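Under my numbering, the residue at position 366 of the sequence shown is numbered 367, and the numbers go up by one with no gaps.
Heads up, the beta-carbon is just placed ideally off N, CA and C, and yes, glycines get one too.
None of the values given here were measured: they were computed from a predicted structure.
Reviewing the structure listed below.
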Amino acid sequence: MVTTPITCSDSYDHQDTQESCIRSHIIACGGDADHKDKGGERGLRKKVKRFFHSKASSNSSGVNSSAVAMASFETSCRRKLRSGPSVVIPAAPAAACGGSNKRALLCGVTYSHQHRYMLKGTANDVSNMKNLLTNTFGYPAECIRILSEDDPGAQDLIPTKKNIENSLKWLVEGCKWGDSLVFYFSGHGLRQPDFQNDELDGYDETICPVDFLKEGMILDNDINKTIVWPLKEGVKLHAIVDACHSGTILDLEHVYNRKQRTWINNLPPSGARKSTSGGLAISISACEDDKMAADTTVFTKKEMNGAMTYILTKTVKENPQITYGGLLDTMANHIVNINSERWIKSRIIRKVLRHKTLQEPMLSSSAKFEVNDTKFIL
């Protein structure tokens, strides 16, 4: 068996040396065209295509919404997970962090009970991010909430949909002038058709909690309302999302084009609110909305890591004075170099690269700023 050094974060199944990938509109990103999927994944892709096509066709009446569509879809492909019931986590006031103005939520989802979707690098990603926050930026350990599958007995800390949603509320609860907040997510990201006319590309981006097949995904619209809207003047939020299709996962108003060195308007066609309440929200994501992110062993030669997370944390530790522009350039150049030096050798990734789906980290913000003059500070 050949070990594939880099895998799509949308999940590859290596059974019978075949690799397949569940994407947003559910399209395979690699593997042979005539590959027979004994696990039923091909049937699921067809089912989702037919389902969303029918929903899009009937949406002209204005009756359907993304929430209704997803609820029906989830019912049609419901599967049991053994992660246990979701537990509502009460939002903790700022005093719970000992008066610190720094707070972080780190989510690493391995999907350990779903072999087809399992990821091996997310736990390492969370560890690297926690070390960056505590050792480089001075975040107190008691002000960092980690959701993972490491301890099945800690039901309130498993990254279920309900736990993530309540932890997002905890993150911004009682935020005040001078607060620095961080939301980090490492796991699967998908897309679904936008039924609310608030996406320029016609798709909502999502993150996948551990129970997403049962409870559904978390939409960018909902993340925006939960952690962007409440940001008061003087509060700064960073969202760092290492997942496929994560480019505009916070639905912020401005997206930075690294090649053109300019900000691009990302206001929704519907005119829906996407702004803060005076604070600043900045998002760094692993790739563009229509692209995929990767887990890889090429950096450590043994441990699996999210490519963006590993490069970001290592770069900032080695150069604490780096700017946002410098960080974006460094991450993009590292990924290009990996390819040019032939570190990526698997058949499926060569196909991915030919179709120009190699990831490039993205920056978006609730307000424009001088990317190459502003120091990266969490």
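Reduced DSSP category for residue i - H, G, I as helix; E, B as strand; rest coil
i	result
Gln1	An answer regarding residue 1 cannot be provided, because it is not within the stretch 2 to 379 covered by the chain.
Thr297	strand
Leu281	strand
Gly327	helix
Lys260	coil
Lys302	coil
Ser148	The sequence given here places Leu at residue 148; Ser does not occur at that position. The answer is strand: DSSP assigns Leu148 an E or B state.
Glu289	coil
Ser113	coil
Glu216	helix
Val183	strand
Glu143	helix
Ile265	strand
Ser128	helix
Ile378	coil
Glu206	strand
Cys245	coil
Ser189	The identity of residue 189 in the sequence shown is His, whereas the question assumes Ser. Coil at His189, not helix or strand.
Asn65	Note that Asn65 scores a pLDDT of 34, beneath 50, so its modelled location is shaky and nothing firm can be said.
Ala368	coil
Ala333	helix
Lys121	coil
Leu133	helix
Ala240	strand
Leu251	coil
Lys275	coil
Leu232	coil
Length of the line joining the Cα atoms of residue i and residue j
i	j	result
Asp223	Asn338	36 Å
His239	His116	31 Å
Ser187	Met119	12 Å
Glu206	Gly175	27 Å
Gly248	Ile285	8 Å
Tyr257	Ser365	6 Å
Val372	Pro153	41 Å
Ile147	Val110	11 Å
Pro269	Asp151	38 Å
Leu328	Met363	11 Å
Ser276	Cys245	24 Å
Glu234	Leu169	19 Å
Tyr112	Ser149	10 Å
Met218	Thr331	31 Å
Arg192	Tyr204	6 Å
Ser271	Asn225	15 Å
Leu220	Ile250	8 Å
Glu304	Ala124	10 Å
Thr301	Ile312	11 Å
Ser367	Asp157	31 Å
Ile336	Arg274	34 Å
Lys376	Asn266	23 Å
Ala333	Ser101	34 Å
His255	Asn320	26 Å
Glu289	His189	14 Å
Gly44	Lys215	A caution first: Gly44 carries a pLDDT of 40, below 50, which makes its placement in the model unreliable, though a value can still be read off. Answer to the nearest angstrom: the Cα atoms are 18 Å apart.
Val127	Leu201	31 Å
Asp291	Gln197	19 Å
His114	Lys369	42 Å
Pro160	Asp374	36 Å
Leu379	Thr298	26 Å
Trp230	Glu361	27 Å
Phe138	Leu232	20 Å
Ala287	Ala155	29 Å
CB-CB length for residue i against residue j, believed under 8 Å
i	j	result
Asp243	Ala294	6 Å
Phe184	Leu253	The pair is not a contact, with the Cβ atoms about 13 Å apart (cut-off 8 Å).
Val317	Leu182	Rounded, the Cβ-Cβ distance is 17 Å, inconsistent with contact.
Leu172	Ile228	6 Å
Lys103	Cys144	6 Å
Pro141	Cys98	6 Å
Asp296	Lys121	7 Å
Thr314	Asn129	4 Å
Val236	Asp180	5 Å
Residue i Cβ short of 7 Å to the ligand GTP heavy atom set
i	result
Asn102	As presented, the structure is devoid of all ligands, the ligand GTP included, so that no description of it is given.
Problem set entry | Length at least 4, wholly inside the segment 152-176: the alpha helix (DSSP H) runs in chain order | 162-173
Problem set entry | Validate contact between the segment 252-272 and the segment 301-311 using beta carbons, cut 8 Å, 3 pairs | Counting C-beta pairs with one atom in each stretch, the segment 252-272 and the segment 301-311 have fewer than three that are closer than 8 Å, which means they do not touch.
Exercise. Should the segment 320-336 be called in touch with the segment 274-281, which here means at least 3 C-beta pairs below 8 Å?
Worked result: Judged by Cβ distances under 8 Å, the segment 320-336 makes no contact with the segment 274-281, as fewer than three pairs qualify.
Exercise. For the segment 159-166 against the segment 211-218, are there 3 or more C-beta pairs whose distance is under 8 Å?
Worked result: yes
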